[in-house]
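Enquirer:
Residue numbers (the working numbering): 93 to 265.
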């Protein structure tokens, strides 16, 4: 099994009505060299300017991005070749990121290679340190820029630090 750290940028709060604009993925292993990044053309005419501003893209730019069907098929193939066994989804805000990835996989590919589960990095950290009011973000090495690949990498770095600090087993090879 391989953990894959995922981050999503979107132009609104929910998939279907709004669009996933970009996402990044990193296999959580020391080299952090297995990465995937894509920018997706909007699937809806609806968008919220303030949401899009976070990712630093204009609506006009997003309209030139790649077809989501092509991206999601390519992402599924990348997961298959990049993970050791079953791929496990982990994110900083899995409630947000998971809903977009899950919806897009089911809508464009008919199934989600991650299955029906996701993992929340923040909740894992809170449980490990036994404090529900702390966050893990100080463990990131890569700056949180709202570039989806940078943010996925920073979260992968944090999970690797938790592995080192707490002796977590995060892959089965």
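Virtual Cβ for every residue (Gly too), placed ideally from N, Cα, C.
Compute the Euclidean distance between the alpha carbons of residue 144 and residue 103, then round it to the nearest angstrom.
Expert: Roughly 5 Å separates the two Cα atoms.
Enquirer: In whole angstroms, what is the alpha-carbon distance linking residue 167 and residue 191?
Expert: Roughly 16 Å between the two C-alpha positions.
Enquirer: Going by the CB atoms, is the gap between residue 107 and residue 195 shorter than 8 Å?
Expert: A contact, by the Cβ cut-off of 8 Å.
Enquirer: From which residue to which residue does the alpha helix (DSSP H) around residue 175 run?
Expert: Note, residue 175: premise wrong, no alpha helix (DSSP H); not H, not E.
Enquirer: Taking the C-alpha atoms as reference points, what is the distance between residue 121 and residue 260?
Expert: Going by the C-alpha atoms only, they are around 12 Å apart.
Enquirer: Applying the criterion that 16 or more other CB atoms from any shown protein chain within 10 Å of the CB defines a buried residue, is residue 189 buried or exposed?
Expert: It counts as buried.
Enquirer: Applying the 10 Å Cβ sphere with the 16-neighbour rule, what's the burial state of residue 93?
Expert: Flag for residue 93 reads exposed.
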